[in-house]
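Structure record follows, encoded as structure tokens.
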Amino acid sequence: MPAVTSVLVPYASYLRVYEPLAAFPEPERSHWSRYARSGRAPTAQDELRRSLVDLLPTPPVPVPVHESADAFVTEDDGVVRVCPWRTRLRGWLALEELTGLFPPPVLDAVLPPVVRGQATADYEAWRDRNPDARPWIRTAVWQVPVRWFVLFADDEREYEPGEVPGVPPVLRYRTPMVQARRRLARALRTLRDTIEEGPLTEGLVDVGRWLEDFHPRSLVELDYGGLVHALPPDLLAGDRSAADVAAGIAALRDGDGEGAGAAYGRLTDRWRAVRDRQFAN
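Residue numbers (UniProt numbering): 1 to 281.
This is the structure in structure tokens:
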């Protein structure tokens with residue numbers, strides 16, 4: 001067990017939505033109200049460790065048997081907001097993505113077909129009972145998707161270098177939901193006016209649809225999570241990816257193709273270096 005509790009990876013980033021208590025129906029609202037008052041403050045590492053424990057048995061448990069009753073909690077100007085973990089739902093969604101990430105022999109070795117088949121059947125039965133369910137947390141491995149940066153401004157960047165031994169650095173952005181939606185809509189309009197439809201515009205549409213499901217007084221957070229361990233301290237401290245994305249979109253809006261290309265180049269060079277580490281020995 002100590003080997004599990006000391007793990008600081010995977011190298012994943014997270015896009016989270018914190019909703020005010022008023023957004024939740026009863027009895028869930030009362031549960032989260034009590035939870036927030038309890039002072040419990042689990043971290044992303046706590047969530048990761050619990051997930052890793054489920055992978056130790058033989059056969060592994062790819063999706064928790066019971067839904068998590070935990071959440072991330074934040075309070076601002078007297079407004080309590082929570083971001084439910086929903087680890088069971090996110091486990092099912094992650095399982096759907098595995099087919100495209102690993103060759104079949106590797107996938108079968110990690111998660112036998114019978115295990116995946118049972119998890120898929122469980123998800124289909126659950127989804128029939130919960131057709132409107134959606135996760136409060138999105139995850140990306142070995143990257144921060146460019147479309148996520150569109151939601152934030154550079155002055156919303158929060159960086160803590162982690163100078164205390166044993167405390168990792170933190171890099172995150174937080175913004176009100178109304179700002180995130182406004183920036184996304186403006187960026188999407190600019191992209192559609194200046195370039196052909198492609199993965200970036202499709203990704204923005206997908207994120208926009210996801211955000212529409214949440215309360216307008218929600219808070220949106222981008223957390224670099226385990227990626228802080230994939231970037232050298234100097235590069236992490238100097239990372240201004242949201243600023244580069246904003247500069248690129250502004251340049252497109254102004255018809256400055258050279259400026260847009262320069263901003264995009266800075267962004268792709270930075271994140272290519274991170275993704276290359278995925279295949280390093």
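The beta-carbon is built from N, C-alpha and C at its ideal position, and this holds for glycine as well.
Quantities reported herein were computed from a predicted structural model and do not represent experimental measurements.
Is it the case that the Cβ atoms of residue i and residue j are separated by a distance below 8 Å?
i           : j    : result
G225        : A12  : yes
T175        : E156 : yes
Y35         : I137 : no
F214        : E28  : no
L200        : R147 : yes
V141        : P10  : yes
L236        : L191 : no
R90         : P135 : yes
L222        : V144 : yes
A246        : D154 : yes
residue 354 : V205 : Outside the displayed span of the chain (1 to 281) sits residue 354, for which this structure offers no information.
L231        : L184 : no
P64         : R88  : yes
P42         : D70  : yes
Quick check on this structure: which residue in the options has the alpha carbon closest to the alpha carbon of residue i?
i    : options                   : result
A44  : C83, A185 and A250        : C83
A260 : I195, P233, E212 and L219 : I195
W32  : Y264, S68 and P62         : S68
D122 : D206, E96 and R270        : E96
G78  : G117, A119, R116 and L21  : L21
T120 : W92, P131, V106 and P104  : W92
D239 : D193, Y173 and G198       : Y173
Can you tell me whether residue i is buried or exposed? The criterion is at least 16 other CB atoms within 10 Å of its CB, across all chains shown.
i           : result
L101        : exposed
residue 284 : Here the chain covers residues 1 to 281 and nothing more, so residue 284 does not appear.
D133        : Before going further, note that residue 133 is Ala rather than Asp in the sequence given. Looking at its Cβ environment, which holds fewer than 16 other Cβ atoms inside 10 Å, A133 is exposed.
D276        : exposed
R189        : exposed
R16         : buried
V73         : buried
F149        : buried
Grab me the residues of residue i's own chain with a C-beta within less than 7 Å of its C-beta, minus the 5 sequence neighbours each way, in chain order.
i    : result
P216 : M177 and V178
A263 : D244, A247, G248 and A251
Near residue i, which residues of its chain fall below 8 Å by C-beta distance, leaving aside the five closest residues on each side in sequence?
i    : result
V228 : G162, P168, P169, V170, L171 and L236
E75  : A36 and R81
A3   : Note that A3 has pLDDT 34, beneath the 50 cutoff, so the model's placement of it is unreliable and the number below is only indicative. There are no such residues.
Could you tell me whether any non-hydrogen atom of the ligand MN is closer than 7 Å to the CB of residue i?
i    : result
E163 : Of the ligands one can find in the structure shown there are none, so the ligand MN has no counterpart to examine.
Inside the segment 64 to 140 only - alpha helix (DSSP H) runs reaching at least 4 residues
87 to 98, 104 to 110 and 113 to 129
4-residue-minimum alpha helix (DSSP H) runs that sit fully inside the segment 238 to 273, ordered along the chain
241 to 253
If you scan the segment 213 to 239 from start to end, which runs of the alpha helix (DSSP H) of 4 or more residues do you find wholly inside it?
The segment 213 to 239 contains these whole alpha helix (DSSP H) runs: 233 to 237.
Please list the segments of the alpha helix (DSSP H) lying wholly inside the segment 135 to 197, counting only runs of 4 or more residues, in order along the chain.
146 to 149 and 177 to 194
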